Structures are given as structure tokens and as C-alpha cells.
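Residue numbers (my numbering), protein chains in the order written: chain A, 1 to 188; chain B, 1001 to 1569. Virtual Cβ for every residue (Gly too), placed ideally from N, Cα, C. Given the structure is predicted, the values throughout are model-derived calculations rather than measurements. The structure appears right after this line, and notes come after that.
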Amino acid sequence: MLNQIRPAIVLTILLSAVTGLAYPLAITGAAQAAFPGQANGSRIERDGVLIGSDLIGQNFSTAEYFWPRPSATGPDPYNAAGSSGSNIGPTGAALVERVAAAVTASGETSVPADAVTTSGSGLDPHVTPQYAAMQVARVATARGVESSVIEATLAAVTEQPILGIFGEPRVNVLRLNLALDEAAPLGS
Amino acid sequence: MSFPGWLQIALVLIATLALVKPLGLYMAKVFTGERNLLSPVLGPVERGFYALAGVRTDKEQTWLGYAMGVLLFSLTGFVVLYAMLRLQHLLPLNPQGFAGLSPDLAFNTAASFVTNTNWQSYGGETTMSHLSQMLGLTVQNFVSAATGIAVAMALTRAFVRSGVHELGNFWVDLTRATLYVLLPLAIIVALAFVAMGLPQSLDASFVATTLEGAQQTIATGPVATQEAIKQLGTNGGGFFNVNAAHPFENPTAFSNYLNIIAMLSVSAALVYAFGQMVGSRRQGWALISVSFIMLVVGTGAIYWAESYGNPLLTAVGVDPAMGNMEGKEVRFGQAMSALYAAVTTGLSNGGVNAMHGSLTPLGGLVPMSLIQLGEVLPGGVGSGLYGLLVFAILAVFVAGLMVGRTPEFLGKKVEAREMKFAMLAVLILPLVILGFTAVSAVAEFGTSSILTPGPHGLSEILYAYTSAAGNNGSAFGGLTANTPWYNTTLGIAMLLGRFAYLVPVLAIAGSLVAKPRAAASTGTFPTDRPLFVGLLIGIIIILGGLQFFPALALGPIVEHFVMLAGQSF
């Protein structure tokens, strides 16, 4: 028993140094050198201003932009400093009421599921092509352009599964809105 | 359910199976002390460690000495981690200036990471400094997994050796599991993760100005390194609150495949290494078949239940074509969310890429049941293998009773002493889970933490203790678990689930290692054939599953019928 105290303490220290300091710090150095873009959070800049991360959803609520999915983060939606899902169970009245209200607000009779449900992270950067298509008319009206302009931009940004297998059909909302500002600038 | 969905599930599992043999052979070499690929680099490091720690590789331990080593090392890790979390505010590398953790939260978290559970009563990005994440949590991600591997190797040697009392040297197994197995794999996977988009920096966060002009603070940090070992060590504790649903932990379909392959391959390869070491690769494959057959069935059940959607939402105007999307990410879809949920609970990983608490009742029943089966599909690294072997011993015992012969497993007679310890081990889980759940379900301090009332409330509590005792770590996140009652009792459940299982397993090993290894005769029940695979699946379901059926009937099963009847709470 007593002769096991020394290895317990010494190996705790040595293995901690290797796995808790050397490993993360060495990989941080290598990552910063080899993949600086990804290692620093896939940041997007426009005209020298940091506008977000390519991987993290952000909130849009004005008619001129495509909207992301509802978000359960608090206190504000798409709070990327505190990720959270709703965690409400399938029979929760809070869930059913929230979704019913969102369906009513959309003005449609049958809406795609991602349009009215919160994602696991609260930071989902994507919507489905169906939910994006539902918003085309609103965005076109708000921007004062033909729907075909918006549709062309949407089609260019939409990603399909590779080889029809790997991944899901999806639209990165931030990328779409950035492309939209190029194709149909606001106030033009 | 769709064809591409099933194809993705099949390809991920096939990719994992392709890794099993090379990885398994490598590990068998490492733990038999043979020279291997990394010996020239790591040999001197390893010998340096032993010299400093006073470990003699030629001096092996009996089961009691081995168990003492495990307990002493875990206790040391627990004390260090507890102190580090409590004193977080005084330590360096705390860019956000987070406060020290409360006593009950620090106890819960230390118990959680030392037992390879990684239950998280806290949100990572709002609680933990970088130092706590790296030097506290990441370290335990490595060494708690390495401890599991060590114990599994000790049990393996009980079948290899005969007529002796020594099972190996815990300190040697621990060091080798960390340096030769987990660390090299973690380096490869972490770099692949960064290439796929996971951040790896010492910054705490950056502030962006959104297109609509708002400020968005985006938390970041050394994510890739923790994610890599979280999967390889089947730990499951995420850098962020929402774990692998967070786009920084799991940004693409391909990072999701790598996450699943990384968490599954080491455990499965250990089962192969077992077969290699006991001289029967067929035995290894038979046990792997049990795991993968049950995993595919579990995945299919979740996939089917989730694709059906939530009828309560369909009734208010949601198109059910996409299935139940509450708590799920668009980039993963139903198939890859289902596979992740099944694998993370069939293993003792516990990371999630979709919120289990928002799964449909039957979709949530499956992950909960997979943990209750004992996490042997193929389970946590090490803990899965020894769990599987305990069930195998029980299976040959049942088979022996049916034909009236003394049961044998791999030539070792299974007798009263082994059976007593095996039963002691498998009864810990229901005792802890059902006992604590029963108290929490009737006491105010238990029920006040429930988010969704009705039958789902019971499911939230049942899932919490299931996850803790099974050392899984996933949650029905609605339950507010960061209270003194839950932090303390879940911490106790985790410690019992780990150590009250592990010590009887080592006792079985100590008893078996002394027995002679009998040659197979015509009367020996072959344990590497489909008949045994079927029998073992039956034993796992009956022993692991049925004892929880009454509780499940009151939770998810009632909730399913209530949902179909259109009622919400």
C-alpha cells in the first residue's frame, strides 16, 4: 500500500504535464501555424470589420435578411458565449405552444420543421432549403427586387450532400445574407 | 428514414470495423510489452517515468495490489481536480476571470471526470477557465480512460495465464495506455479536427458586429485537443455546454463521422486485442458482433422514432417530413443524430450532437436503455470490455445450467466465487439508479428540478441517475442538476457505478488467473459461434434491460401513448 503512494503522486504529476500542458500547447502551436483560419474560429470579415464566424449562426430579424432557426440561448437568441438547447420534452406544453405561435406568425399552413424548432446548440448556422425557399418572397419584397434574383443567390449558396450521400441539404444563413448584400444591395 | 441516411450509418460502422484489427493488434503488442512502432520514441520516456516514480516493470501485482493502485491513483486525481476547481480564481490561464466552483459542483465534477463519466452540471464556456479545461479536465480524460484500459488488460491476463496470482502492474499499464495508445491517437485526431474547423487557441472569445449591427461575443478556446481525447477516451465531456451539437465542436458532416469513429474504434479494438491476447481472434470478433448487432438495432429504432416526427407539433401545422427537429442540428439530420445517440450510449461516451431530452419518447427510451444494458456495445474504453466479459461469464453459466455441465469460458472454470462477484457487479447499477430515482421522484428537492412535467419529468430524473451510475454523462438536459441534492447524489452514483463495479471485476480476475486453463473437449460450449452471440445478446437484454422495464413503462412508454393521444403537460 505505502509503496504505491510514490507512483500515484509522481505519475499524476508526470502524466498531467504531458497530457494537460504539453499536448494542448503543442497542438495549439501547430494548429496556429498550419491552420490559422480554423484555429481562430473561422472568422469572416467584410470591409475590415469582423462580422462573425462562418460556423456560428447569428440572429437576423429584419425583413431584408433571411432568418435563421429559432434559438433557445439566453438572454438573447444566438448568444455564442452561452450555447443551449431548449431541452423541453416532446410532450411539453411550452414546446407545443411556442411552435404553434411560430406557425401562426409564419402565415403558412404547413411549415418545415426547422423553421419553428430550436436547434441543439442554439447556434445552428444552417436552415434547410425548404425553410429558405419559404422566405424568398418576403426578402424580395423588402429589397425591392425580383424573386428570381433572390432565388439565384439562394441556389448558389445552397449546399447538397456530397455524391448525394455525405451530409444534408443545407443553407448557411450568414453566407446567404452576405451574398445577398452583394447581389441586391440594401438601399440601392 | 432514407437510403442515404442508412448508407451513411453503414459506412461509418464499416470504417470503424476496418480500424479494429490494426489498432487491436497494436494494443495487444503494447500490453504484452512487445516492441512496437512507437517504442523507439516512447521507450526512453516510459523508462524515465518509471525511474522517477519508482516503478519496477518486472514486479507485478495480485488483484488486491492492482485494485489498490487503481483506487489510490483515482483518489489522487480526485483530490487534485477538486482543489483545482475550487481554487480556479487564484490560478493562472483564466482569461474570463471565472470564480471558483461551489463545493457541491466541484465534488460532482471531480467525481464525474475521475470516473470517466463526464456528467456536466455546468456549462463549459461559462464556468471553466482554460487551465481547468486543460490541466484539470483534459488530464482526467486521458488517465481515467487509461485506468479503464488497464483494468480490462488485467482481466484479459486472467484468461491468458494460469496457476499464478499476478495480473500485471497497474502503473505500467496506466503509463502505456496513456503514452502509447491515447496520446498518439489524440494528436492525430486533434489536428484533423482543426483542419475541419474546430478552434484551437488560448483566446477566450472574440466579438463580432453582426450584419444587423448587433454585438455577438463568440466563445472559443483550446477546443480541438479536448474534443479529440473526449472521443478517444469515451469521456464525452464537451468544451461547450451543448457538447458536440456546438458548431465549434462539430462543424460539418465529416467532423461528425470522425467524432463517431474516434469514440467507437478504441473500444472495439480493445475487444479485438482481448481475442488476440487470449489466442482466439474469433472470440474477439464474436464479442464485437454482439456489440455491433445491438448498436445497429438501437440506431434503427431511434432513427425510425425520430423520423416519424412529433404528432403534437404536426397537429399545429408542422410538416412531419423532416422528422422531429427540436434539439437537432440541420447539418446532421436524422440519420447522423440517431447514430450518434446510439453510439454515445452504447459506449460510455455521453457526448451528444442532439439534445436527448427533446427526442421523441421512444427515441429517448433507446439511449436510456442502452446505458442501462451496462454500456457494453462495446462500452467505454476498457470498462466496456470488462463489462462485456462479466456478461459472457454469466452467459456461459446459464448455458452450463441448461446442459448440466460446469461452465467454462476460454478454458477457465466458472464457479461459485466468480458468479458471486459477477452478480455483485451487475446489481450495482439497478440498485443505484432505481434507488436514487425513487427518492428524487417523490421528494420536493428532487421534483423541483424538473423542466417538463408529466411522465417526461420522471424520465428526466431516471435518465440522470442512469447516466451517472453508468458513467455515461449524457443527460435529459431539462433537469436542473446543479443543486446540492443532485450534485451530491449524482456524484455518489458515479463513484459507485465505477468503483463498486471495477473492484469485483478485479476480484474475478484474481480468482480466474490462479485456475488452470483446460483444453477444449467435445463437451465444451463454443463461445466463438453464432449460438453464443445470440445467447449473450439474450443475457444482456434480460439481465441488463428487464430490471428497468417497470420504471421505463412509467416514463417514456406512458409518454409515448400520451403523446399519441394528443396530450401535453
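* Are Val-1352 of chain B and Ala-1244 of chain B close, meaning C-beta to C-beta below 8 Å? -> Taking 8 Å as the Cβ cut-off, Val-1352 of chain B and Ala-1244 of chain B qualify as a contacting pair.
* Please go through the same chain and pick out, in chain order, the residues whose beta-carbon is closer than 6 Å to the beta-carbon of Pro-1430 of chain B, but skip the five residues on each side of it. => These residues qualify, in order along the chain: Gln-1547.
* **His-1130 of chain B (DSSP reduced to helix, strand or coil)** => Three-state result, His-1130 of chain B: helix.
* Asked: Along the segment 1547 to 1562 of chain B, what residues have a CB closer than 7 Å to any CB found in chain A?
  -> Cβ contacts with chain A: Glu-1559 and Val-1562.
* For Ser-1144 of chain B, which residues of its own chain have a beta-carbon under 8 Å away from its beta-carbon, when the five flanking residues on both sides are left out? -> Hits under 8 Å: Ser-1074, Gly-1077, Phe-1113, Val-1114, Thr-1115, Asn-1116, Gly-1233 and Asn-1235.
* To do: Over the uninterrupted alpha helix (DSSP H) stretch that includes Arg-1282 of chain B, give me the two end residues.
  => Arg-1282 of chain B -> alpha helix (DSSP H) spans 1281 to 1307.
* For the segment 1052 to 1100 of chain B, which segments carrying the alpha helix (DSSP H) assignment without a break, of at least 4 residues, lie completely within its bounds, in sequence order? -> Qualifying alpha helix (DSSP H) stretches, in chain order: 1063 to 1086.
* To do: Inspect the beta-carbon positions of Glu-1249 of chain B and Gly-120 of chain A and report whether they are closer than 8 Å.
  => Contact annotation: Glu-1249 of chain B and Gly-120 of chain A have beta-carbon atoms that are not nearer than 8 Å.
* Beta bridge counterpart(s) of Thr-1217 of chain B as assigned by DSSP -> The bridge partners DSSP lists for Thr-1217 of chain B are B:Val-1207.
* Hey, is the segment 1382 to 1389 of chain B in contact with the segment 1150 to 1158 of chain B, meaning 3+ C-beta pairs nearer than 8 Å? -> Enough Cβ pairs lie closer than 8 Å, so yes.
* To do: Would you kindly report the start and end of the unbroken alpha helix (DSSP H) that includes Gly-1275 of chain B?
  => Counting along the chain, Gly-1275 of chain B sits inside the alpha helix (DSSP H) bounded by residues 1253 to 1277.
* From the DSSP output, read off the bridge partner residues of Asp-124 of chain A. => Residue pairing for Asp-124 of chain A: DSSP places it in no beta bridge.
* Asked: In whole angstroms, what is the alpha-carbon distance linking Val-1181 of chain B and Leu-1264 of chain B?
  -> One Cα belongs to Val-1181 of chain B, the other to Leu-1264 of chain B, and the distance between them is close to 14 Å.
* To do: Identify which residue in B:Leu-1313, B:Leu-1373, B:Leu-1093 and B:Ser-1440 has its Cα closest to the Cα of Ile-1542 of chain B.
  => For Ile-1542 of chain B, the nearest C-alpha among the options comes from B:Leu-1373.
* What does Met-1325 of chain B touch in chain A if you count any residue whose Cβ is under 7 Å from its own? -> Chain A residues near Met-1325 of chain B: Ala-113, Asp-114 and Thr-117.
* Asked: Thr-128 of chain A touches chain B at which residues, Cβ-Cβ below 8 Å?
  -> Close partners of Thr-128 of chain A in chain B (Cβ separation under 8 Å): Met-1322 and Val-1330.
* With DSSP as the reference, please indicate the residues paired to Asp-1319 of chain B in a beta bridge. => Answer by DSSP bridge pairing, in chain order: A:Pro-112.
* Roughly how many angstroms separate the alpha carbons of Ile-27 of chain A and Val-1139 of chain B, rounded to a whole number? -> So the two alpha carbons sit approximately 15 Å from each other.
* How would you list, in chain order, the residues of chain B whose beta-carbon sits under 9 Å from the beta-carbon of Asp-47 of chain A? -> Those within 9 Å of Asp-47 of chain A in chain B number zero; the least Cβ separation is about 11 Å.
* Can you give me the Cβ contacts of Thr-1488 of chain B inside the same chain, cut-off strictly under 6 Å, excluding the 5 residues immediately before and after it? => Excluding sequence neighbours, Thr-1488 of chain B sits near Asp-1104.
* For Gln-38 of chain A, name the three-state secondary structure that DSSP assigns. => Taken through DSSP and simplified to helix, strand or coil, Gln-38 of chain A comes out as helix.
* **chain A contacts made by the segment 1106 to 1122 of chain B, where a contact means CB separation under 9 Å** => Within the segment 1106 to 1122 of chain B, no residue has a Cβ that lies closer than 9 Å to any Cβ of chain A.
* Asked: For Gly-1069 of chain B, which residues in chain A fall below 8 Å Cβ to Cβ?
  -> Within 8 Å Cβ-Cβ: Gln-4, Pro-7 and Ala-8.
* Does Gly-1350 of chain B get closer than 8 Å to chain A when you measure Cβ to Cβ? -> Under the 8 Å criterion on CB atoms, Gly-1350 of chain B is classed as non-interfacial with respect to chain A.
* What separation, rounded to the nearest whole angstrom, lies between the Cα atoms of Ala-1224 of chain B and Leu-1191 of chain B? -> Spanning the two alpha carbons is a distance of roughly 8 Å.
* Taking the alpha carbon of Gly-1100 of chain B as the point to measure from, which residue in B:Gly-1346, B:Thr-1344, B:Ala-1519 and B:Gln-1088 has its own alpha carbon closest? -> Checked all of B:Gly-1346, B:Thr-1344, B:Ala-1519 and B:Gln-1088; the closest Cα to Gly-1100 of chain B is B:Gln-1088.
* To do: Please list the residues of the segment 49 to 60 of chain A that have a C-beta atom closer than 9 Å to any C-beta atom in chain B, keeping them in chain order.
  => For the segment 49 to 60 of chain A, which is checked against every Cβ of chain B, the residues closer than 9 Å are Val-49, Leu-50, Ile-51, Gly-52, Ser-53, Asp-54, Leu-55, Ile-56, Gly-57, Gln-58, Asn-59 and Phe-60.
* **Local Cβ density within 10 Å of Gly-52 of chain A, reported as buried at 16 or more and exposed below that** => So Gly-52 of chain A counts as buried.
* **Residue range of the beta strand (DSSP E) that includes Leu-50 of chain A** => DSSP places Leu-50 of chain A in the uninterrupted beta strand (DSSP E) bounded by 49 to 53.
* For Phe-1239 of chain B, which beta-bridge partners are listed by DSSP? -> DSSP lists no partner for Phe-1239 of chain B.
* Below 8 Å, can you find three or more Cβ-Cβ pairs linking the segment 1338 to 1356 of chain B to the segment 1428 to 1448 of chain B? -> These segments do not touch.
* **Within chain B, partners of Leu-21 of chain A - CB distance below 8 Å** => Against chain B, a Cβ distance below 8 Å from Leu-21 of chain A picks out Met-1134 and Leu-1135.
* Nearest to Leu-1506 of chain B (by Cα), restricted to the options B:Pro-1044, B:Val-1041, B:Gly-1069 and B:Ala-1106 -> Relative to the Cα of Leu-1506 of chain B, the nearest Cα in the group B:Pro-1044, B:Val-1041, B:Gly-1069 and B:Ala-1106 belongs to B:Gly-1069.
* To do: Go through its chain and collect everything with a Cβ distance to Phe-1421 of chain B's Cβ below 8 Å, but skip five positions before and after it.
  => Excluding residues within five positions, the ones whose Cβ falls inside 8 Å are Pro-1504, Val-1505, Ala-1507, Ile-1508 and Ser-1511.
* Rank B:Gly-1237, B:Gly-1043, B:Leu-1007 and B:Ala-1262 by C-alpha distance to the C-alpha of Val-1020 of chain B and give the top, closest one. => Measuring from the Cα of Val-1020 of chain B, the nearest candidate turns out to be B:Ala-1262.
* To do: Work out the CA separation of Val-1271 of chain B and Arg-1405 of chain B for me, nearest whole Å.
  => If you take the alpha carbons of Arg-1405 of chain B and Val-1271 of chain B, they lie about 27 Å apart.
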